[in-house]
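*Asks:* Everything in the sequence shown is counted per UniProt numbering, starting at 1 for the first residue and increasing by one. Cβ atoms here follow ideal geometry from the backbone N, Cα and C, with glycine treated the same way.
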Amino acid sequence: MFEYAPAPESRDIVDIKPSYGLFINGEWVEPLGEGRDKTVNPASEEVLAEVAVAGEADVDRAVQAARKAFTVWSAMPGSERAKYIFRIARIIQERARELAVLESLDNGKPIRESRDVDLPLVAAHFFYYAGWADKLSYAGFGPSPQPLGVAGQVIPWNFPLLMLAWKVAPALACGNTVVLKPAETTPLTALAFAEICRQADLPPGVVNIVTGAGSTGAAVVAHPDVDKVAFTGSTEVGRLIARSVAGSRKKVTLELGGKAANIVFEDAALDQAVEGIVNGIFFNQGHVCCAGSRLLVQESVAEELLDALKRRLSTLRLGDPLDKNTDIGAINSAAQLAKIRELSDAGEAEGAERWSPACPIPDKGFWFPPTVFTGVAQSHRIAREEIFGPVLSVLTFRTPAEAVEKANNTPYGLSAGVWTEKGSLMLWMASRLRAGVVWSNTFNKFDPTSPFGGYKESGYGREGGRHGLEAYLAV
Ligand code: NAP
Ligand code: MG
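#1: How many Å lie between P42 and F159 at the Cα?
#2: Less than 8 Å separating the beta-carbons of L188 and D118?
#3: As a quick exercise: from A416, Q199, L191 and G108, pick the residue whose alpha carbon is nearest that of residue 531.
#4: Under the three-state reduction of DSSP, which class applies to P8: helix, strand or coil?
#5: Looking at the ligand NAP, does it come within less than 7 Å of F452, judged from the CB to the closest heavy atom?
#6: On the DSSP letters alone, give me the boundaries of the beta strand (DSSP E) that S415 sits inside.
#7: Kindly list the residues whose CB is nearer than 8 Å to the CB of R381, restricted to its own chain and excluding five residues on each side of it in sequence; keep chain order.
#8: Got a sec: does the ligand NAP put a non-hydrogen atom nearer than 7 Å to the Cβ of E457?
#9: Kindly confirm or deny that the stretch 130-147 and the stretch 91-98 touch, where touching means at least three C-beta pairs closer than 8 Å.
#10: With Q64 as the anchor, note down where its alpha helix (DSSP H) starts and where it stops.
#11: Rounded C-beta distance between A268 and T420? I'm assuming under 8 Å.
#12: Name, in chain order, the residues that DSSP records as bridge partners for L473.
#13: The beta strand (DSSP E) spanning W28 covers which residue range?
#14: Under the DSSP definition of a beta bridge, which residues are partnered with N279?
#15: How do the stretch 242-253 and the stretch 262-280 stand: do at least 3 beta-carbon pairs fall below 8 Å, yes or no?
#16: Shortest alpha-carbon distance to V226 belongs to which of R61, M163 and I331?
#17: Return the chain-ordered list of same chain residues with a C-beta closer than 7 Å to the C-beta of A321, the five sequence neighbours on each side being excluded.
#18: Can you have a look at P362 and say buried or exposed, based on whether 16 or more other CB atoms are within 10 angstroms of its CB?
#19: With a CB to CB cut of under 7 Å and the five nearest residues on each side skipped, what residues in its chain are close to Y84?
#20: Short check: CB of F373 to CB of E353, under 8 Å?
#21: So within the stretch 296-339, which uninterrupted alpha helix (DSSP H) runs reach at least 4 residues, ignoring any that extend past its ends?
#22: Suppose contacts are defined by Cβ-Cβ distances below 8 Å. Is A418 in contact with L306 by that definition?
Structure representation (structure tokens):
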């Protein structure tokens, strides 16, 4: 195997302020309370910046600003709104390198992913929804679909800027205004996005960013003058949110957890499947709601496939997220690392066999080696619970019917992957898998034109594509 020299991306391109306020009505304002939080680089535990914690009164200011801006923004012709959204998309492209470095610093994900996956998709989302802004009458929701009003949006830490794009772009295209709360551990790209809104001359109050922890999110969701709630995160918090808005007139979309099956049949191109398995569960350290965390492999090729997978995993590089050769970055937080450790230990205690490649772990920061569990039973916690880390549980099956039964034996239903050369088998499987997305001979492929969302405990509503407009229109 070749050894690679270090190839770190320079962080000089980013300008992180020591301290950030809240972005309300187009201005940076200090929070009314005393609260301050720190965000760290999970690869070094270095404090990157201090961030304001918005309390209820701050959230109220933001919602009022959004309400006022709604009058202007919703009355603007779609073609005018589109100009602003296109401008935002172009600024994101121009500042892509800076935003990618910032995302990798705050989140811990490899620069190769933030540069080649997150940022291109972020820009693509704004371009795509900018294109819809003046065509809403032709989207299949009636001749004159109306926006809902103020959207309260709460997003997680795994794809900070991309989740912002998924939420903000369709909301603005449809004529809504936004109050968004980023995750506590990854606020920096959302704060950079606030600057981009100013750079794009977006009217004040159309986008407001309130940082803080779970209680700030709860205040956004519960605010009586919010018309639409959009949430991505854990099923647990999703339940709290569903309860908090029950009986109100608020429209809700929830994108929650997953425990996806990645199913490999004996006739599949195995080398290609290995790449798909690696991308399915080790992309973004496995911090992916639709991650292929359960590998279901046909018994006749299980040994061959696992040998090839282990060989491939031995070539992955774990370390500095800013190094362009890094495959596996840092775990986003100490809390998430503790959760991954707890579930992996449970896997061993319940009798599954644990394997990781030889993998040096840096002294500082939060890290977890790529890990594979074999001999996993469906009843094991590692086969049922979302680990949200670089941990793969391997199960086997003999017949397509058994594969379907095992794949669907989960409270979740967000995604699935099928690997076979037979088109008829692929379609047979796809029509039986209870998952919002089924990937065919690939995994973790995203596109703004394609709707994304779950069944069962993975949530409801769709984001992306024409379907994604529906969540932001009174239809
Ligand atoms: P989370 O606790 O559900 O957090 C998601 C967002 O909701 C964050 O902005 C969070 O703020 C906020 N929040 C927390 N409590 C809230 C409340 N009561 N009301 C309103 N908002 C609230 O998820 P997490 O801490 O990021 O990760 C925990 C687990 O969620 C993961 O291990 C994984 O299983 C799942 N997850 C799923 C996805 C997905 O894409 N489906 C993404 C991330 C995580 P703070 O960040 O300040 O806590
Ligand atoms: Mg951070």
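*Replies:* Concretely, from the data shown:
#1: So the two alpha carbons sit approximately 15 Å from each other.
#2: no
#3: Any question about residue 531 goes unanswered here, given that the chain covers just 1 to 475.
#4: strand
#5: no
#6: S415 to W419
#7: L343, A346, G347 and E350
#8: It does not: the Cβ of E457 is nowhere closer than 7 Å to a heavy atom of the ligand NAP.
#9: Taking 8 Å as the limit for Cβ pairs, the verdict is that the stretch 91-98 does not touch the stretch 130-147.
#10: E56 to A75
#11: 5 Å
#12: P147
#13: Segment E27 to V29, the beta strand (DSSP E) holding W28.
#14: Per DSSP, none; premise fails for N279.
#15: no
#16: It is R61 whose Cα lies nearest to the Cα of V226.
#17: Per the sequence presented here, residue 321 reads as Pro, with Ala not at that position. The residues are A43, S104, G108, K109, P110, I111, G329 and A330.
#18: exposed
#19: A200 and L202
#20: yes
#21: 299-313
#22: The residue asked about is misnamed: residue 418 is Val in this sequence, not Ala. Result no, Cβ atoms of V418 and L306 do not sit closer than 8 Å.
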